[in-house]
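Asks:
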Amino acid sequence: MDEDNKLLDSTELQELKKDSGAQSETFQEAPKSDSDSSSSNDSMRAIKDISLDQMDKNGGDVNNSEVEDGTNLEENANPNDDVISEHTKKVEEYMLAAKKGDIPVLKQLLESGDVKVNDCLSENVSALHWCALNNHLAAIKYLVSKGADINFAGGNLVATPLQWACRYGYVYVVDYLLRTCKAEYKSKDIQGFNCLHLAVHSSNIMMVIYITRFTDIDIDETDPKGRTALHWAAYQGDVLSVEYLLQLHPSVNISDELGFIPLQWCLVRQSQSTMTKLIAAGSDLHHLTANGKDCWTMAREMNSTSYFTAALRECGYSKDYTRLYKYTSLFSKRNAKILTFFSPFLVLTLCLQIIANSGNALIGLVIATIIYIGQTLLIGKKLVPFYNHTPHALLKSPFFSGVFASTAFLCIVSWVFKLLPATFLANPLSNIVLFILILILVPSFIKSMTSDPGCIPRERDNMKIKQTIEQLMYERKFDASNFCIYTMIRKPLRSRFDRDRMRNIARFDHYCPWVSNQVGVRNHKTFLCFATSLHLAIFVIFFLTRAYFNTLDDDDDDDENTGLCSLIGENFCLGYRHSSYTFYLLIWVVFQQTWLTMLILVQFFQISRGYTTYEFDGRHAHLHNSNPTFASIPTDELAKYGQAMQVESSDTADSTIETLNDMPANQEPQKISSTSKVLFCLSAGVMKSSVGKILGLKQFALISRDLIRMRGRRQFQQIGSPYNYGFVKNWLNFLFLKKPGESYSLKTLVKIPEHGEANLGDSYVDYYRLYQAPANPNYTLV
C-alpha cells in the first residue's frame, strides 16, 4: 500500500497525537470487543492517557499506568527538598486523610487550625478533589460543611471536583455536588471537556444518564477538537452510551477537525454493534474525512471490513449501500411474516405425502428431510431477513409457530374426515374429549401467539424520569439492575428487557418459538393452558388413530413387512399398510410430544418452586451476574448498603441466586459420578444449540441435574426462591387472579390480567410496579 494511502498519514498522525496524547487527553478506555460496555466497574473507572503512537503500534490497545488514588501524582508533586516545613507535612497528612476518606483525621487537622479547608500542595489539588476522586461522599459532605470551595479548579487539567467525579463515574458524588451544593456544571477543564464529555469518558452509563437528565448541557456541544459526546462514545466502542445518546436525537453526522463522524471512529475501534446503531440512526455512509477517505477506505486500513459488512447487513444494506430488500405493496414486512407462517402448511403436507407414497419409507424420509431442510434454509436466508436482520432471526420468526399450526391443522382435518367417522360409535367419549380439547387448544394458541405478554410502557416524561432517578438515588439503587437504561423506568422485580419489543416484560418467563412470542405475566397462564391441552390432545389422537387402524381391512397377503409388523404391532401395521399418510402423521405428532413433555415438566417444576424460566436458568448459568450493574455507591456507605444490595440482588430483575449459595452452609454439594460428568459435557453443546433451545433441552437438563445433585427431599426443598410460598400457594397464585375479598371461582380461574395484576403470596400485586416482594417466611438466603 502506498504511503499516502495510509489511514493516518504523517500530518494526520501528528494532529491526532497532539489531540490524544501530548495534551494529556485522558478518558476511560473501553475494551475493544463488542462487549466493551460489559467491563467491570473497576476497569470502567480506570482513566488512561491515550497516545496515538501507542494506538498505532498496538492496534488501539493502550497500556498506560492507572491513576487510582492519586499516589503517583502525589509523588510527582511533592518536591524532594531536604527541609519540608511543618505546615507542608500537615497538608500532606490532610491530603492523605482526604484520599482515605478519614473523617476523624480531617476533623482533627481542621479543628486544630493546622490546615485550612482549601489548602493545597504544589500540584494545586484540594482535599475535596481527592475525596471526589476516591468516592468518599461522607468526607465530601464534611469538607463542604467546613467551607470547601466546590468550584475550585485544580490539578494539571484545571478541573473541579465535580469534573473529577464525572470522569470516574461516581454518580452519588456528582448528585451531591450538583443538586445539593449547586456546583457549576457548565465550566470546562483545560482540555475543553464539559461534564457530559467526561461522563462518557467514564463509560458508566448511569453517569451519562444522570448528566443528561439533570443538566441542560447541549448534547451536540463539542470539545476544542470538534468532538461531541457521541464521537467519544463511538470511539470507545461504548454501545450502551451510544444507544442512550441516540435516544436524545443528537446529530450523527457532525464532523470533528479531522473530518471524522462518529461512525468513522467506530471503524477505528472495530465495534460492530456500535456501527450498527449509528448506521440505523442515519449516519452518512458516503461521508469523506478531511483528507478524502470514505468509510470503506478506513475499514480496509483499520482491518474492520468484516465488522462493517456485518453491520451494514444487519441494517439491511449491501456493500454498495443499496437496500438488500426492497418492499412493495404486495411484498411488505407483514406479508413476509404471513408467508413465513403459512409456508410449513404446504411443505409439511408435501413431505408427508412423499414419505407415504414413495414405496420405500427410507428413501421418502431422505427426500422429505432434504425438502424440509431446504425450506428452512430458504426461509432463514431469504424471507426472514425482510423483517429481521438480527442473529438467530429464524428462532424469532413465525416459522416454528407455523410448524405447530400446520401440524395441528393436518391433525384436525385427519380427525374430522377419517378418525371421527370411523371411531365415533365405538369411542364416543374420546371423540368428545378431543373436540373439547381442540376448542381449548386453538384459541389458547392464538391468544398466546398474539397477546401482549406484559410489556411495561416506557417513560417519556422527563420530570417523571428525574423523580424515578431521585428516588433510586435516595435508596442507593441507581444502577442497571434497578433502572432500565433503554426505557427510563424503574425495573420491577422479575422483569426483563426484551430487545425485540424494546420493552421490559413483566414477570418474564421465556421466549417460545412455538408461539412466536414472549411469555410473561399476561399470557403465561394461557400459554400453559395451550401446552397442557395440546399434550392431552396428542394422547387422545394417539388412542383414536390406533382405534382407526383397527377398523381397516387387512387383505394384504404379502409377507414383506412381517418383520416390521412384529416390531410395531398389528394395529400400527394395518395403518402402515393401508393408511400410510395417517401413520406417518401420527409419528410426526408423537415426535412433537417429546419437546412438549419436557416443556410441561419444566413448567410444572418451576411453578411449583416459585421460579420463572428466566430466573431458574440464571441461577445456574450466572446469566445475569455476569453483567455489570454500573453501581457506584460511595465507599463509605458500602458497609451500610453493600450487604443489603447483595441480599436483595436475588430479588432484582436481573439477578438470581447462585446454585451453591442455596445449599446449607454446613454441607458440600454432592459429587457427581464420572459417567454423569461425561454425559453433561457431551450434552452441553446440544443444549446451547438452536435445536436445544427449540426443544427446551437446556431447562430439562438443569432440573435433572438438580435432582441428581440433591441428596434428599429436605435438601431439595432448600433450592431457594424469594417467590416460593409453598407448592399449594404457588399454584393458587398462578391459576387464579383474585382481588382481596374475592374467592376462588371459575371466574377468577379464567380471568386474564389487563396489565400486570397477579397474586403473590397472600398479596394482590401489580408486576408493572412491583419493587419489593411480599414477606415470605419460607425464604432465607443462606
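Using the numbering used here, read the sequence shown as starting at 240 and increasing by one per residue. Cβ atoms here follow ideal geometry from the backbone N, Cα and C, with glycine treated the same way.
Assuming contact is defined by CB atoms lying nearer than 8 Å, are residue 715 and residue 876 in contact in what I supplied?
Replies: Against a cut-off of 8 Å, the Cβ pair of residue 876 and residue 715 comes out as a contact.
Asks: So for residue 420, helix, strand or coil by DSSP?
Replies: In the structure shown, residue 420 sits in coil (DSSP, three-state: anything other than H, G, I, E or B).
Asks: Give me the residue from 528, 763 and 481 with the minimum Cα distance to residue 513.
Replies: The shortest C-alpha separation from residue 513 is found at 481.
Asks: Does DSSP classify residue 603 as helix, strand or coil?
Replies: DSSP places residue 603 in helix when its eight states are reduced to three.
Asks: Determine the closest residue to residue 642 out of 831, 362 and 792, with distance taken between C-alpha atoms.
Replies: Cα-wise, what sits closest to residue 642 is 831.
Asks: Taking all protein chains shown into account, decide if residue 1016 is buried (16 or more other Cβ within 10 angstroms of its Cβ) or exposed.
Replies: Residue 1016 should be labelled exposed.
Asks: Go ahead and pull the three-state DSSP assignment for residue 775.
Replies: Reduced to three states, the DSSP call for residue 775 is helix.
Asks: Since residue 695 sits in a beta bridge, which residues does DSSP pair it with?
Replies: Residue 695 is bridged to 743.
Asks: Would you report the Cα separation of residue 562 and residue 742, rounded to the nearest angstrom?
Replies: If you take the alpha carbons of residue 562 and residue 742, they lie about 28 Å apart.
Asks: Could you check where the beta strand (DSSP E) with residue 1003 kicks off and where it finishes?
Replies: First-last of the beta strand (DSSP E) with residue 1003: 1002-1005.
Asks: DSSP has residue 530 in a bridge; who is on the other side?
Replies: Answer is none; residue 530 lacks a bridge partner.
Asks: Once you ignore the five residues that flank residue 773 on each side, which residues in its own chain have a CB closer than 7 Å to its CB?
Replies: Closer than 7 Å at Cβ, skipping near neighbours: 680 and 835.
Asks: Looking only at its chain, what residues have a beta carbon closer than 7 Å to the beta carbon of residue 403, apart from the 5 residues adjacent to it on each side?
Replies: Correct list, in chain order: 368, 371 and 372.
Asks: State the CB to CB distance for the pair residue 376 and residue 873, rounded to an integer number of angstroms; the pair is presumed to be in contact (CB under 8 Å).
Replies: With a Cβ gap of about 4 Å, residue 376 and residue 873 count as contacting.
Asks: Mind checking residue 693: buried by the 16 CB within 10 Å criterion, or exposed?
Replies: Its Cβ being crowded by 16 or more others within 10 Å, residue 693 is buried.
Asks: In the structure shown, what three-state DSSP assignment does residue 525 receive?
Replies: DSSP places residue 525 in coil when its eight states are reduced to three.
Asks: When DSSP labels each residue in this structure, what does residue 756 get in the three-state scheme?
Replies: Note: residue 756 maps to strand in three-state DSSP.
Asks: Could you check if residue 321 is buried or exposed, using at least 16 other CB atoms within 10 Å of its CB as the buried criterion?
Replies: Low confidence applies to residue 321: its pLDDT is 44, below 50, so where it sits in the model is not reliable enough to give any reading.
Asks: Taking C-alpha atoms, which residue in 780, 406, 736 and 717 lies nearest to residue 668?
Replies: The candidate whose alpha carbon is nearest that of residue 668 is 780.
Asks: Buried or exposed, going by whether 16 or more other CB atoms sit within 10 Å of the CB of residue 701?
Replies: Residue 701 comes out exposed.
Asks: Between 815, 474, 789 and 994, which has its C-alpha nearest residue 690's C-alpha?
Replies: That would be 994, whose Cα lies nearest to the Cα of residue 690.
Asks: How big is the Cα-Cα spacing for residue 969 and residue 382?
Replies: Using only the alpha carbons, I get a separation of about 53 Å.
Asks: Applying the 10 Å Cβ sphere with the 16-neighbour rule, what's the burial state of residue 184?
Replies: In this structure the chain extends from 240 to 1021, so residue 184 is not present and cannot be described.
Asks: Rounded to whole angstroms, what's the CA-CA distance from residue 584 to residue 646? Just pull it up for me.
Replies: If you take the alpha carbons of residue 584 and residue 646, they lie about 8 Å apart.
Asks: Once DSSP output is grouped into helix, strand and coil, what is the label at residue 556?
Replies: Strand.
Asks: Determine, using beta-carbon pairs with one atom in the stretch 437-455 and one in the stretch 412-425, whether at least three such pairs fall under 8 Å.
Replies: Segments in contact, yes.
Asks: Out of 733, 517 and 775, which has the shortest C-alpha to C-alpha gap to residue 474?
Replies: The option with the nearest alpha carbon to residue 474 is 517.
Asks: Using alpha carbons as the reference points, say which of 759, 726, 435 and 746 lies closest to residue 688.
Replies: Cα-wise, what sits closest to residue 688 is 759.
Asks: Please report the residue range of the beta strand (DSSP E) in which residue 999 lies.
Replies: Residue 999 -> beta strand (DSSP E) spans 996-999.
Asks: Determine, using beta carbons only, whether residue 508 and residue 555 come nearer to each other than 8 Å.
Replies: Taking 8 Å as the Cβ cut-off, residue 508 and residue 555 do not qualify as a contacting pair.
Asks: Quick one: using the 10 Å Cβ neighbour count with 16 as the cut-off for buried, is residue 720 buried or exposed?
Replies: When all chains shown are included, residue 720 counts as buried.
Asks: Going by DSSP, name the residue or residues bridged to residue 393.
Replies: Paired residue(s): 398.
Asks: Going by the beta-carbon positions, is the gap between residue 638 and residue 588 smaller than 8 Å?
Replies: Taking 8 Å as the Cβ cut-off, residue 638 and residue 588 do not qualify as a contacting pair.
Asks: Mapping DSSP to helix, strand and coil, what is residue 804?
Replies: Looking at residue 804 - three-state DSSP - the assignment turns out to be helix.
Asks: Hey, out of 792, 960 and 966, whose CA is closest to residue 843's CA?
Replies: Nearest option by C-alpha distance: 966.
Asks: Beta-carbon within less than 7 Å of residue 672's beta-carbon, same chain only, minus the 5 sequence neighbours each way: which residues are those?
Replies: 779.
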